[in-house]
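Here is the structure we will look at.
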């Protein structure tokens, strides 16, 4: 197969992969965040503690996570057809990808929110904040770097899943590698496809890490924008009578709640 | 301003029950700084959390600014709208500051105002005004991680004041700070108490905090308040443990046939040369075994342990003279006062200072 033959195939299938990953990530975040938040709020000691609801959501999430993706995809064919009209192609693949990604992402959201210091929730409560305030002004903003890291992990997992989906008719780079590379011995095409997938994963990871670092830097002295800010406002310590140059970040040991 | 009656909190874990609060009656007057002191595990933290119902008391009532909070509370962990509204007018500062690292200093102070649905302009104005009040006007755009511990606590205090509270609850606000910073934060609390007429209820395990800023104090042990009152009342109470802890004096009699007397000076008597008068009038030699002087709530207060020659029976008249001068006199070694002598040995070290 020549390069001119391969090029449109690679191009179209890359777009298909991006289509599947984009939409499945979109829906995974859309449904996964509320689920993760609910898991935290209804947990023992949570602000909406409700053991029954918590156990039910937990069980659904666990069931969703224990299905091997290939089996899930096949099992969902009738549901997929009902929902989007087709069961193959990129559109058909989005449905099982979303179903697989929601519980996965929900658990990551739960873990991210659990890391938020309970003292902050208490502070918001002491100001008269309700559940809405605590979720949208405390939990989610405080966990934002961890949530972005969770999205990164989910996108990369979905790139892998979309390749599996491709092999059974989902389209995309996985389909390309399977039908041409594996079934028709087009080794070159297969290698290029795999390289493309690797590049895609690395790019997503880099972008994710960069964003996390940007967000996390708000808190530390390392950020350049912050240095500018400090230069504008010098000699802060004298105003308050406190020793200048005390190590700031380390002197407030945060008590983490949960594990 | 803050009244609790029969406040009880029992934690259940499995079959075990732990009583954190056991019928606490607390009365904090308007405009005073009230300190609750006790060791960790005494229940102070639970007590202050029960005042704004972050913890639901098992029984008893809490009244803040004339409003009985315990009657507002909805069922379960969730606070209903009435309780949330009441909480927004009770400020609270925390040992670990509890500032949102994702928000700037100014935005942290605006959070309670956002909860109160104050518009953006007014929020910003108020936040900057509060920052000025706590001496951090230049830090509005900084993030909490860029501040020192003392500065963080100033932000915490500014945030607690955003809802124009009548009452400020302080949960070990200075316990994570070094001594110098502690002093500056206590000074700030004192100033706010005076300037704004703010009633402050603070819990601490440091006697120095009580000494520095409190008008009244309560001592907690095993979930109970064992002593409470204004600092001068406490000092005037024979055998008061708080008074002894606030002003530890020590010293052993130098021989048999000596009378050891603890004298507490407060109010006007503290400024008069009572001891030299005593010495001159009765021609007795007085040795000072230990003494402590300090200013509590703006008043000079002191305790002194002195030794008079001869047994108690020989010293009835001089002791009577001291009592006449308006001093509080506890005779050590008197069986009735054995509570005072028991810890004397343990306090020798402090007394020697």
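Protein chains in written order, with the numbering used here: chain Y, 396 to 654; chain A, 731 to 1083.
We put the CB at the ideal spot given by N, CA and C, even for glycine.
Legend entry - Pairwise C-alpha distance: residue 486 of chain Y and residue 617 of chain Y: Taking the first residue of the first chain as position 1, residue 617 of chain Y is located at position 222. Taking the first residue of the first chain as position 1, residue 486 of chain Y is located at position 91. A caution first: residue 617 of chain Y carries a pLDDT of 41, below 50, which makes its placement in the model too unreliable to give a value.
Inset, instruction - Can you tell me which of the three DSSP states residue 753 of chain A falls into? - result: As a position in the second chain, residue 753 of chain A is number 23, starting the count at 1. The answer is strand: DSSP assigns residue 753 of chain A an E or B state.
Inset, instruction - Pull out every residue of the region 533 to 566 of chain Y whose Cβ sits closer than 8 Å to any Cβ of chain A, in chain order. - result: Closer than 8 Å at the C-beta level to chain A, one finds these residues of the region 533 to 566 of chain Y: 533, 536, 537, 539.
Legend entry - Nearest to residue 1018 of chain A (by Cα), restricted to the options A/1002, A/969, A/1039, A/1011: Within the second chain, the letter at position 288 stands for residue 1018 of chain A. Closest by C-alpha distance to residue 1018 of chain A, out of A/1002, A/969, A/1039, A/1011, is A/1039.
Inset, instruction - Using the Cα positions of residue 798 of chain A and residue 732 of chain A, report the straight-line distance between them to the nearest angstrom. - result: In the second chain, counting from the first residue as 1, residue 798 of chain A sits at position 68. In the second chain, counting from the first residue as 1, residue 732 of chain A sits at position 2. Distance between the alpha carbons of residue 798 of chain A and residue 732 of chain A: 10 Å.
Inset, instruction - Flag this pair as yes or no: are the beta carbons of residue 530 of chain Y and residue 424 of chain Y separated by less than 8 Å? - result: Residue mapping note: residue 530 of chain Y aligns to position 135 of the first chain, counting from 1. Residue mapping note: residue 424 of chain Y aligns to position 29 of the first chain, counting from 1. Their beta carbons are not under 8 Å apart, which means residue 530 of chain Y does not touch residue 424 of chain Y by this criterion.
Inset, instruction - Tell me whether residue 742 of chain A sits in a helix, a strand or coil according to DSSP, three-state version. - result: Working through the second chain from its first residue, we reach residue 742 of chain A at position 12. Note: residue 742 of chain A maps to strand in three-state DSSP.
Inset, instruction - Determine the direct distance from the alpha carbon of residue 762 of chain A to that of residue 1050 of chain A, and round the result to whole angstroms. - result: The residue given as residue 1050 of chain A occupies position 320 in the second chain. The residue given as residue 762 of chain A occupies position 32 in the second chain. Between residue 1050 of chain A and residue 762 of chain A, the C-alpha separation is close to 35 Å.
Legend entry - Environment of residue 958 of chain A [buried if 16+ CB atoms lie within 10 Å]: On the second chain, residue 958 of chain A is found 228 positions in, with the first residue counted as 1. Classification for residue 958 of chain A: buried.
Legend entry - Close Cβ partners of residue 1023 of chain A (< 6 Å) along its chain, the five nearest in sequence each way excluded: Against the second chain, residue 1023 of chain A aligns to sequence position 293. In the same chain as residue 1023 of chain A, and ignoring 5 residues on each side of it, the C-beta atoms closer than 6 Å to its own belong to 1032, in chain order.
Inset, instruction - Kindly indicate which three-state DSSP category residue 462 of chain Y falls into: helix, strand or coil? - result: Locating residue 462 of chain Y in the first chain gives position 67, counting from the first residue. If DSSP states are grouped into helix, strand and coil, residue 462 of chain Y belongs with coil.
Legend entry - Assumed close pair residue 856 of chain A, residue 892 of chain A - CB separation to whole angstroms, cut-off 8 Å: Here residue 856 of chain A refers to the residue found at position 126 of the second chain. Here residue 892 of chain A refers to the residue found at position 162 of the second chain. Correct: roughly 6 Å between the Cβ atoms.
Legend entry - Beta-bridge pairing of residue 556 of chain Y - partner residues as DSSP gives them: Residue numbering aside, residue 556 of chain Y sits at position 161 when the first chain is read from its first letter. Paired residue(s): none; residue 556 of chain Y is not in a bridge.
Inset, instruction - Assign residue 575 of chain Y to one of two classes, buried (16 or more other C-beta atoms within 10 Å of its C-beta) or exposed (fewer than that). - result: Position 180 of the first chain, counted from the first residue, corresponds to residue 575 of chain Y. By the neighbour-count rule (16 or more Cβ atoms within 10 Å), residue 575 of chain Y is buried.
Legend entry - Residue burial classification, residue 992 of chain A (beta-carbon count within 10 angstroms, cutoff 16): Sequence index remark: in the second chain, residue 992 of chain A carries index 262 (1-based). That one is buried.
Legend entry - Backbone CA spacing between residue 750 of chain A and residue 1041 of chain A [nearest angstrom]: Indexing the second chain from 1 puts residue 750 of chain A at position 20. Indexing the second chain from 1 puts residue 1041 of chain A at position 311. Whole-angstrom Cα-Cα distance: 46 Å.
Legend entry - Under 7 Å by beta carbon: chain A residues contacting residue 710 of chain Y: Only positions 396 to 654 of chain Y appear in this structure, which leaves residue 710 of chain Y out of reach.
Inset, instruction - Please report the residue range of the alpha helix (DSSP H) in which residue 950 of chain A lies. - result: The residue labelled residue 950 of chain A in the question sits at position 220 within the second chain. Boundaries for residue 950 of chain A: no alpha helix (DSSP H) harbours it, while the beta strand (DSSP E) harbouring it runs 946 to 951, taken from the DSSP string.
Legend entry - residue 1039 of chain A - DSSP class collapsed to helix/strand/coil: On the second chain, residue 1039 of chain A is found 309 positions in, with the first residue counted as 1. In the structure shown, the three-state DSSP call for residue 1039 of chain A is strand.
Legend entry - Cβ-based burial, residue 883 of chain A [other Cβ within 10 Å; buried from 16]: For the purposes of this step, residue 883 of chain A is taken as residue 153 along the second chain, with counting starting at 1. Around the Cβ of residue 883 of chain A, a 10 Å sphere holds 16 or more other Cβ atoms; the residue is buried.
Inset, instruction - Pull up the distance between the alpha-carbon of residue 498 of chain Y and that of residue 463 of chain Y, whole angstroms please. - result: Position 103 of the first chain, counted from the start, is the residue given in the question as residue 498 of chain Y. Position 68 of the first chain, counted from the start, is the residue given in the question as residue 463 of chain Y. Each residue's Cα considered, the two are about 13 Å apart.
Legend entry - DSSP bridge partner residues for residue 962 of chain A (one or two, in chain order): For the purposes of this step, residue 962 of chain A is identified with residue 232 of the second chain, where counting begins at 1. According to DSSP, residue 962 of chain A bridges with nothing at all.
Legend entry - Short CB-CB distance (under 8 Å) between residue 742 of chain A and chain Y: Taking the first residue of the second chain as position 1, residue 742 of chain A is located at position 12. No - not a single Cβ of chain Y is within 8 Å of the one on residue 742 of chain A.
Inset, instruction - Please report how far the alpha carbon of residue 546 of chain Y lies from the alpha carbon of residue 410 of chain Y, in whole angstroms. - result: Within the first chain, the letter at position 151 stands for residue 546 of chain Y. Within the first chain, the letter at position 15 stands for residue 410 of chain Y. In a straight line, the C-alpha of residue 546 of chain Y is about 20 Å away from that of residue 410 of chain Y.
Inset, instruction - Check distances from the C-beta atoms of the region 438 to 471 of chain Y to those of chain A and list, in chain order, the residues that come in under 9 Å. - result: Answer set for the region 438 to 471 of chain Y: 440, 441, 442, 443, 444.
Inset, instruction - Flag residue 786 of chain A as yes if its beta-carbon sits less than 8 Å from any beta-carbon of chain Y, otherwise no. - result: Position 56 of the second chain, counting from 1, holds the residue named residue 786 of chain A. Not flagged as an interface residue toward chain Y: residue 786 of chain A, since no C-beta distance is shorter than 8 Å.
Inset, instruction - Could you tell me if residue 458 of chain Y is buried or exposed, where buried requires 16 or more neighbouring beta carbons within 10 angstroms of its beta carbon? - result: For the purposes of this step, residue 458 of chain Y is identified with residue 63 of the first chain, where counting begins at 1. Residue 458 of chain Y is exposed by the Cβ-count criterion.
Legend entry - Range of the contiguous alpha helix (DSSP H) that encloses residue 979 of chain A: Walking along the second chain from the start, residue 979 of chain A turns up at place 249. No alpha helix (DSSP H) holds residue 979 of chain A; DSSP gives it neither H nor E.
Inset, instruction - Would you kindly work out how many angstroms separate the C-alpha atoms of residue 402 of chain Y and residue 479 of chain Y, rounded to a whole number? - result: Sequence index remark: in the first chain, residue 402 of chain Y carries index 7 (1-based). Sequence index remark: in the first chain, residue 479 of chain Y carries index 84 (1-based). In a straight line, the C-alpha of residue 402 of chain Y is about 29 Å away from that of residue 479 of chain Y.
Legend entry - Any non-hydrogen atom of the ligand SAH closer than 7 Å to residue 572 of chain Y Cβ: With respect to small molecules bound, the structure shown includes none, and the ligand SAH cannot be examined in it.
Legend entry - residue 765 of chain A beta carbon less than 8 Å from that of residue 934 of chain A: Locating residue 934 of chain A in the second chain gives position 204, counting from the first residue. Locating residue 765 of chain A in the second chain gives position 35, counting from the first residue. Yes, these two residues count as a Cβ contact at 8 Å.
Inset, instruction - Check whether the Cβ atoms of residue 1020 of chain A and residue 985 of chain A sit closer than 8 Å, and answer yes or no. - result: Here the question's residue 1020 of chain A lines up with position 290 in the second chain. Here the question's residue 985 of chain A lines up with position 255 in the second chain. Remark: C-beta atoms of residue 1020 of chain A and residue 985 of chain A do not approach each other more closely than 8 Å.
Legend entry - Chain-order list of residues whose beta-carbon lies under 6 Å from that of residue 975 of chain A (same chain, five-residue window excluded): Start at 1 with the first residue of the second chain, and residue 975 of chain A comes out as number 245. Closer than 6 Å at the Cβ level, and outside the excluded window around residue 975 of chain A, lie 937.
Inset, instruction - Identify the contact partners of residue 515 of chain Y in chain A, using a Cβ-Cβ distance below 7 Å as the criterion. - result: The count along the first chain starts at 1 and reaches residue 515 of chain Y at position 120. Against residue 515 of chain Y, the close residues of chain A are 828, 830, in the order they occur along the chain (beta-carbon pairs closer than 7 Å).
Legend entry - Below-8 Å beta-carbon distance, residue 733 of chain A vs any chain Y residue: Walking along the second chain from the start, residue 733 of chain A turns up at place 3. Interface criterion not met: the Cβ of residue 733 of chain A is under 8 Å from no Cβ in chain Y.
Inset, instruction - Mind checking which residues open and close the beta strand (DSSP E) that includes residue 988 of chain A? - result: For the purposes of this step, residue 988 of chain A is taken as residue 258 along the second chain, with counting starting at 1. Counted as a single uninterrupted DSSP element, the beta strand (DSSP E) harbouring residue 988 of chain A occupies residues 988 to 996.
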